[in-house]
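In what follows, a single structure is set out as structure tokens and then discussed.
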Amino acid sequence: MKKLASQKGFNLVEAMLAVALSSVVVFGVFLLFRVGSEQSQINQSLMNLKDSSREGIYKMVQEIRQSAPGHVIIEANGQSIRFKIPHPDHLIGPDFDVDWDSAHTITYTLGGTNSRQIIRTDTTTGMTSIIANDITALRFSENSSPSRIVTITLDTQKTLSSGRAVPSTPLQITAQADVRNP
Amino acid sequence: MGPLTDKRDSRGFTLIEVMVTLFVAAIAIAGYIGSNIATQRQAAELHERAIAAQEAQRVIEQIRDKAGTNNFPGDVVAAFPNGGTVAGMNALPNEQIRVDYVNPAATPLDTTVTVTWQSHASRQQTAALRAYITKRKMP
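Quick mapping for you: the protein sequence lines, in order, are chains Y and B. Just so we're aligned: the first sequence equals residues 1 to 182 in the working numbering. Just so we're aligned: the second sequence equals residues 183 to 321 in the working numbering.
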């Protein structure tokens, strides 16, 4: 019994102190990793946001380029655009000029979920499709009338599940499209 | 006498030992935070570069608009002179855009658009975009 008493180990106060201290350390390390993983999640969604909005703006630029001066109308204070593109099966008329009679009319405007999607509508066929998501603002402007260069500006921002808006101020992307057809 | 009663073994850490431990831990944490900051800085630089490419693309598009003429490349060079700067582009701090041609009389026109700007780290940055501009049917 005497031998056991000499093997005392920690007393209660010591053990509690050790647990309290180590919990502080563990909490700190945990916090560090949580901040890190949160940051990587933000970076990931930022990258996706840039990627998809850039893809969307290029889709629009590609299509607007196929239009011609006099066939582009910017509507609703620049929030939507209506333009004609040649029909792929009837590109050229009998006079070897672009056949604008069978051309399709395309519109781009914000709509869909929370009005944060760019909606493309082919008003000739009635088909609609979504060009981009998480768009907070979309503006079109022209350099002259009739417009030869259309400038597209869009703002993009996403709200994460944590309620945090990424990026904190909307990311702005601008592209210009020269309407190239005669 | 068991070994645990030996006073020398149950003394705990010395001040020097604790300080060394703290020092090593501080270096490890500093490395982690430093790498995070470096990543962030790199991302910001990449973002600026993407904007610069976008600005150069806009200028190329403006040059293409001047190519729909019977006076090619004369009208293009008149609107965007060789070695001249383009006004009104300001998506980046202290942004300057310069247009150069390999030969201003050639068809197609070998065009280089150079974007220079002051990066967030207050370093001068440059991005260049090269494209061939061809004559287009007049609208």
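Built from N, CA and C at the ideal position, the CB exists for glycine as well. Predicted model only: the values in this text are computed from it and were never measured.
- Judged by DSSP in its simplified three-state form, Glu14(Y) adopts helix.
- Here Lys317(B) carries a coil assignment [DSSP, helix/strand/coil].
- In the three-state DSSP reduction, Lys84(Y) falls in the strand class (E or B).
- Segment contact: the region 77-95 of chain Y against the region 161-172 of chain Y, fewer than three CB-CB distances shorter than 8 Å; contact not assigned.
- Gly163(Y) sits in coil when the DSSP states are folded into three classes, being neither helix nor strand.
- Comparing alpha-carbon positions, the option among Ala177(Y), Pro167(Y) and Asn181(Y) lying closest to Leu49(Y) turns out to be Pro167(Y).
- When DSSP assignments are scanned along the region 101-143 of chain Y, the uninterrupted stretches of beta strand (DSSP E) that are 3 or more residues long and fall wholly within it turn out to be 104-111, 117-122, 127-132 and 135-142.
- Between the beta-carbon of Arg65(Y) and that of Glu75(Y) there is about 19 Å, and that puts the pair past the 8 Å contact cut.
- A residue is called buried when at least 16 other Cβ atoms come within 10 angstroms of its Cβ; Pro275(B) does not meet this threshold and is exposed.
- In terms of beta-carbon proximity, Asn285(B) stays away from the interface with chain Y, with every pair separated by 8 Å or more.
- Beta-carbon to beta-carbon, Thr156(Y) and Asp134(Y) are separated by about 5 Å, close enough to satisfy the 8 Å threshold.
- Spanning the alpha carbons of Thr124(Y) and Ile106(Y) requires a straight line of approximately 8 Å.
- When beta bridges are read from the DSSP output, Tyr214(B) appears opposite no residue.
- Listed along chain B is no residue with a C-beta nearer than 8 Å to that of Thr169(Y); the closest approach is about 13 Å.
- Taking 8 Å as the cut-off, the beta carbon of Ser147(Y) is found closer than this to the beta carbon of Val72(Y).
- The region 297-307 of chain B and the region 243-263 of chain B do not touch, with fewer than three beta-carbon pairs separated by less than 8 Å.
- The closest CA to that of Thr267(B), considering only Arg280(B), Ala273(B), Val259(B) and Ala261(B), is found on Arg280(B).
- Annotated three-state conformation of Asp95(Y) is coil, per DSSP.
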